[in-house]
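Protein chains: 2
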Amino acid sequence: MPQGDESWRIRRTAADMDRLGETESIFALGNGWVGWRGTLDEGEPYEMPGTYLNGFHEQRELSYPEDGYAFPEHSDTVISAPNAALVRLWVGGEPLDLRTGTVRRHERVLDLRAGVVRRETEWISPGGRGVRVRSTRLVSLPRRPVAAVDYQVEPLDSPVEVRVSADLLANERVPERADDPRAASVIHDPLTAETGRRDGTDGVLVHRTERSAQRVAVAVAHRVDAPGTAATDTELTPDRFRLAVTGPLRPGERIRVTKFAAYECAHVDGTPAGELADLVVAEADAARAEGFAALLDAQRAALDAAWATADVELDGDPELQQALRFAVFHLLQSGRADGDRTIPAKGLTGNGYDGHVLWDTEGYVLPVLTYLAPGLARSALRWRHAHLPEARERAAELRLAGATFPWRTLGGRECSAYWPAGSAGLHVNADIADAVLRHVAATGDEDFLAECGVDLLVETARLWHRYGHWSDTGTFHLTGLTGPDEYSALVDDNLFTNLMARRNLRGAADAAERLPEAAARLGVDPAEIAGWRAAADAVHVPYDGKRGVHQQSAGFTEQPEWDFANTRADDYPLLLHFPYLELYRRQVVKQADLVLAMLRCPGEFTADEKARNFAYYEARTVRDSSLSASAQAILAAEVGHLDLAYDLFAETALQDLEDLGDKTADGLHLASLAGAWLVVAQGFGGLRDDRGVLSFDPRLPRRITRLAFHLRWHGHRLRVTLTPDAARYELPDASPADAVELWHHGERLRVTGDAPVTRPMPPVPDAGPEPPSPPGRRPHRRSQEDVGGAG
Amino acid sequence: MPQGDESWRIRRTAADMDRLGETESIFALGNGWVGWRGTLDEGEPYEMPGTYLNGFHEQRELSYPEDGYAFPEHSDTVISAPNAALVRLWVGGEPLDLRTGTVRRHERVLDLRAGVVRRETEWISPGGRGVRVRSTRLVSLPRRPVAAVDYQVEPLDSPVEVRVSADLLANERVPERADDPRAASVIHDPLTAETGRRDGTDGVLVHRTERSAQRVAVAVAHRVDAPGTAATDTELTPDRFRLAVTGPLRPGERIRVTKFAAYECAHVDGTPAGELADLVVAEADAARAEGFAALLDAQRAALDAAWATADVELDGDPELQQALRFAVFHLLQSGRADGDRTIPAKGLTGNGYDGHVLWDTEGYVLPVLTYLAPGLARSALRWRHAHLPEARERAAELRLAGATFPWRTLGGRECSAYWPAGSAGLHVNADIADAVLRHVAATGDEDFLAECGVDLLVETARLWHRYGHWSDTGTFHLTGLTGPDEYSALVDDNLFTNLMARRNLRGAADAAERLPEAAARLGVDPAEIAGWRAAADAVHVPYDGKRGVHQQSAGFTEQPEWDFANTRADDYPLLLHFPYLELYRRQVVKQADLVLAMLRCPGEFTADEKARNFAYYEARTVRDSSLSASAQAILAAEVGHLDLAYDLFAETALQDLEDLGDKTADGLHLASLAGAWLVVAQGFGGLRDDRGVLSFDPRLPRRITRLAFHLRWHGHRLRVTLTPDAARYELPDASPADAVELWHHGERLRVTGDAPVTRPMPPVPDAGPEPPSPPGRRPHRRSQEDVGGAG
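Residue numbers (the numbering used here), protein chains in the order written: chain A, 242 to 1032; chain B, 242 to 1032.
Here it is, written out as structure tokens:
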């Protein structure tokens, strides 16, 4: 249980060595461009090493035992760039390997304020030689191409002969992964050496990929601090540059090697190999010239600035306080504000899902970043815009209209190899539109709307308008597609998709009317806009009048129930133990779908409907997806089941820190991390802004004694502080004239720079008994635990 | 256009050499155990050589880019046994190859009464040497393991030096096939030599497969008739035995080599290689001892006996007369009455669909064979029974009950690699039950029912009972599965499946009640039977009251229409040009589905409903499947659109002879061939027997001046002769006391051995204008062509 300052740190010791893959993901560092998995300095043991560059990938062939029209022929697969994080050590000729010798002490700490991983190890070699190793690793947030590691070794008690080998290694061996559809496929030796050179203690390697035709250059520059008795030498092979520092160390002496690495990649038809090498050499040189201490200072400064908005203070549950900071830290380092970079489902922390971008990004991550770091959200949406050409081509290939964005991709083309849960998940298009609309509403960034956003809105609206059809009775239907819940597929009128398409169509119509120039550029005329509005107004909303609940899709509530009585605990996740034939036709829900619709489109439901719907679907939702708990938590809070909300909150917040899904080794679940913040803001804070108006209906679970968070709204930093008695809204940085309008439990407030507003928290209405979850699937009852010291 | 006797022959000449694959299928010979594709004696040129043994296959891995629970891991794939049909010829050192030299004459004839393929070629070698080659090939219907070829060569005008090489060749080179999901995958060199030997002019080879662990032995025994100047020699390698006869031939002299081959296969843990070799050697020896002429006589006798029941006489369209005999011939030689052998979708004529058995067998082929050659149908159903263990295992794997038969298989396990159109096609189980029920009704074979049939009925009934669910209003539903139409998938309450499941449930209940011993053996108690009957009675029948038509599946008639106006002629077949996403959600039908339901379960619909349904679905059925035309033709005849019926009849009858789908090279479409007979009997004869009662509602299209066919009913051979004025029913072989009861246009008749019955043909009621087919998709209007001489 973390205490005090532990809320800003994640610590792992030798005791955690049996969960290497998990710690590799948790200790991953990144800056939205470069990602280093949290492998040990010495490289081994590892579960899955990884050095990822945003967008850097190889293609692999998709071969279907039974092919179909427009099934994707290739998949983009994330591959490792050359690994510059390695520093190997030999002690008396024996390699430092924590599986051998005696580990007297071993600790690694992820410092969430400093933005570094610190490591300290005391190790006695099998031959009885003791050393202490300290290292600090960072991936620079302000300096895009730069990562660095500072490595020190000293004898423990008696003189030792050591050899420190700072490696840059391409085509690092990677293990095969388990036979699980959610894991990545492995491409061995994906890089072909183009050129390499060494200069003094520095080196550079340039490689290329075969099919994706990408070029990657990595330079390492070193600073060596060692006794005069030490010797340095370097070695260069096509796949490795090595600087070795060798010599005797007496107690009190040390060898310190600081390695500054720089990464760039480009299309092979772009910057030539030599020029790319020159570029990264200059970048690594510049970082060295600045020095490691300066990198540390800049890192801290960048994070201080980010935390000012991003931090959440939660009193009453120190472990979740820590988890929230961990979550936000990883979100902050997952993206970049410069350029057009997106954020894959695992960020740059692992190769799960082949490193693909899925709807997790627009559906979960961007709704957080739009409030905390809007530049990162804008950049990710610009990335979608940059891939509009591929999305238009895909729409044409599918004989549709407008743009059809891929269900999963890295390079912009559809990479989903199972179409009922891939291409048929058209809602990803509405999720992108939703992210655009929210971003513009929250930031007021009209330039972004005019340059990018409107294109995304219009082309996705065109998709819906073409895809849907009108019934005889004048309702508009979207049939034969798949909603968020992956235990259903190819359904009619998925309510989430229908309502999100409505939002998409109206948002496009509004934008096109507001921006006549853009509309003209896109060929939108008033008739087309009228068509969108008509379709949006007529979207069918499936409702079961008899049961008094909405239907996840047409007919859903008439489907047979799942036989929970005969489902064993080890039958979960169900997709590994039952065929789709059974899953798809029954009322069993993998992940929030209708509940998510109530979150994204809250104005489409009355409070009573929300309560009834929530209870109905809670009983049928098994949460076999990590995307589910946060949406359930938020709605549970809204309908007044705060214990359940809290327990679901804990599940999403601890998804990776406690590896609840046994999948953290593949990379962090950014959507779960984002979900933790969303539960804070939307669940306990009751934040809604779907109609462009900022409103809060805060209500605190009993274990939380104080909750404070911030968000950016039209350039202002709004601080919200909740206690059981009161909610306080303030603009800490604003001048007196600055103001934000918001609603608190239905009351309109005006918060100005010099006038914070405090309002009482109304009592939580009695929501009655908690609706049952499926047998054995209720989250752990953390809400009822009595914990000691508060954070 | 075939004339006179041509109706019993299929002839191809040198002009047809550019359609080699098609002729390889059309000239295929088989006996339900051994199948020889109609390749040239000399082997080359070929499109796809093939020597198939019923059930002989290798397994290949199915690897999914995105895997799922219970996706099959292996597929059975038909492979060639060693090819014993080869006889190569060298003339003056130059190989006979019809692509070289001068072909003065070349003709091959499939003789449908003799059951042989005769070939005659006059060829001048590039070096100017002329020879005449005559060969006769047969696969013995009475002698299961035996096939033979009689080969003669003589000089045309001047002396030549020839070398006749009779080969037995394993691992014959096979070409890669086009990238079409409907083609077979090719396994190269699938056979591993185990042993081989030669003895005089004879040889034997034994091979095995790796994964399927099957052993195959082939022996060849020769009779050589050559001038004394000729020399013979043999050659044996692991994959080839060769007998060569070499010598000079003067005009008037000839070399004749008659090759008798015998085939056996077994599991590698079964008969040892040496014993299997001894067995086939003995079989080949015995055939040689009997002699080629005797084989010919026995073949003719077997066919004469078969044709007595199987022949159809059709006056008015000689080409279709020929096509009908061609169709029936291939059906007769596709199966065996002995043992438990099934009939793959392509028979043993090609490797399309990997040589798999699909529902074509029970849905199309057995409904013919039950009437024409009931022993073959029984054997095929026994094969299903033999694979009940695998079907029970599959049901357990799918977490269902009873038995779930594979959508496609060779060895008994599911081999479908695209589950929405594979495992989800549960109707195959009802098709098997339907074939059992029809077989028992038509033959009265109670032993078969007690030993096999009841097991199949009960275990499939259990599947339906478990799979279905009850609505609140007491209707029974089968949801989330796929019916016959492959342009829909994962639908609810597919009407065909529902009605067939009803038949299945009731048939199982009846059988279990009639056979208490079997019921006890299967653990069926009265409560279970009552459950089946209750479900059968309550099966939901989706009907659109507004449009006055049944729905192919729930909601079908409310789906968006297909945009035929913007579908080009070269957009067909649609599955190669549109994604399933579009196909599945629209009202476009690949193949008869609801129309097939009206054929199989005629009593479930009124005449008015049939007419309205037919018109509605005809307008939306594009016939992208060769399974469709026959069912459409039969219903078109029933509802009174006889021109359309006739044109659809021609399409199914000529499917392979004219290669209408450009797929005949992969093997014959046995379901289309069967469909031709079904249109005769069920369409123009109006045969129905779904309630165990034999009835006819005959009506002749205007081009047919006389139509006669036969069928077996409880052991009797019933002959039905139709002219525009009268229908005559007779029992040509029966004693005076024998009788068959039947209905003619609603009138109950009793036909006895001494009293044929003749009844007038009532006028065809006016059915109004022909319902439109989709634009450009109406079949060719053969019905309105004026043809000359009648057959």
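Glycine included, every Cβ here is placed at the ideal spot set by N, Cα and C.
In the displayed model, His910 of chain B falls within coil according to three-state DSSP, outside both helix and strand.
The residue among B:Ser248, B:Glu899, B:Leu824 with its C-alpha nearest the C-alpha of Asp552 of chain B is B:Ser248. For Asp884 of chain B, no Cβ of chain A is located within less than 9 Å of the residue's own Cβ. No Cβ of chain B is located within less than 9 Å of the beta carbon of Ser406 of chain A. Per DSSP, the beta-bridge partners of Glu554 of chain B are B:Ala949. Note that the C-beta distance between Glu845 of chain A and Val934 of chain A is not below 9 Å.
Secondary structure note for Arg762 of chain B: its alpha helix (DSSP H) is the uninterrupted segment 757–762.
If you compare the alpha carbons of A:Gly987, A:Ala502, A:Arg404 with that of Ala388 of chain A, the shortest gap goes to A:Ala502. Annotation: the continuous alpha helix (DSSP H) that includes Phe567 of chain A extends over 559–573. Closest option to His718 of chain B, judged by alpha-carbon separation, among B:Gly764, B:Ala795, B:Asn670: B:Ala795. Note that the stretch 662–678 of chain B touches the stretch 640–650 of chain B; at least 3 beta-carbon pairs, one per stretch, sit closer than 8 Å. Here Ser399 of chain B is exposed: its Cβ has fewer than 16 other Cβ atoms, across all protein chains shown, within 10 Å. Secondary structure of Glu247 of chain B (DSSP, three-state): helix.
The criterion of a C-beta distance shorter than 9 Å is not satisfied by Asn324 of chain B and Leu382 of chain B. Contact of His818 of chain B with chain A by beta-carbon distance below 9 Å involves Tyr310, Arg640. If you check each beta-carbon in the stretch 687–719 of chain B against every beta-carbon of chain A, the ones closer than 7 Å belong to His710, Ser712. Short of 7 Å from the beta carbon of Arg529 of chain A, and not among the five residues preceding or following it, lie these beta carbons of its own chain, in chain order: Ala462, Arg464, Phe501. Under the three-state reduction of DSSP, Asp466 of chain A is assigned to strand.
Only Gly721, Leu722, Ala730, Leu731, Asp733 from the stretch 721–738 of chain A bring a Cβ to less than 8 Å from some Cβ of chain B.
Inter-segment contact for the stretch 751–759 of chain A and the stretch 706–722 of chain A is absent: fewer than three beta-carbon pairs are separated by less than 8 Å. With respect to chain A, the C-beta atom of Ser304 of chain B has a partner C-beta closer than 9 Å. Contact annotation: the stretch 344–364 of chain A touches the stretch 250–269 of chain A, with at least three C-beta pairs closer than 8 Å.
Boundaries of the beta strand (DSSP E) around Gly276 of chain A: 275–277. Bridge partners of Gln828 of chain A according to DSSP: A:Glu802. Around the beta carbon of Asp474 of chain A, fewer than 16 other beta carbons sit within 10 angstroms, so the residue counts as exposed.
In terms of CA proximity to Ala838 of chain B, B:Asp726 leads the group B:Leu824, B:Leu607, B:Asp726, B:Arg483. Within the DSSP bridge table, the entry for His315 of chain B names B:Glu302 as partners.
Only those residues of the stretch 790–802 of chain B whose C-beta falls short of 9 Å from the nearest C-beta of chain A are listed: Ala795, Gly796, Glu799, Gln800, Pro801, Glu802.
When the Cα atoms are used, Ile365 of chain A and Leu339 of chain A turn out to be separated by approximately 10 Å. Burial check for Arg301 of chain A: the Cβ neighbour count within 10 Å reaches 16 or more, so the residue is buried.
Counting only unbroken stretches of 4 or more residues, the alpha helix (DSSP H) elements lying wholly within the stretch 598–667 of chain B are 607–613, 615–627, 629–638, in sequence order.
Taking a C-beta cut-off of 7 Å against chain A, the contacting residues of the stretch 810–836 of chain B are Leu816, Leu817, His818, Phe819, Pro820, Tyr821, Leu822, Glu823, Tyr825, Arg826, listed in chain order. Counting along the chain, no beta strand (DSSP E) covers Glu283 of chain B, and no H or E run does either. Taking a beta-carbon distance threshold of 9 Å, Ser913 of chain B does not count as an interface residue toward chain A.
With a threshold of 16 other beta carbon atoms within 10 Å, Asn745 of chain B meets it and is buried. The beta carbon of Pro843 of chain B sits closer than 7 Å to the beta carbons of Arg929, Asp931 from its chain, once the five residues preceding and following it are set aside; these are given in chain order.
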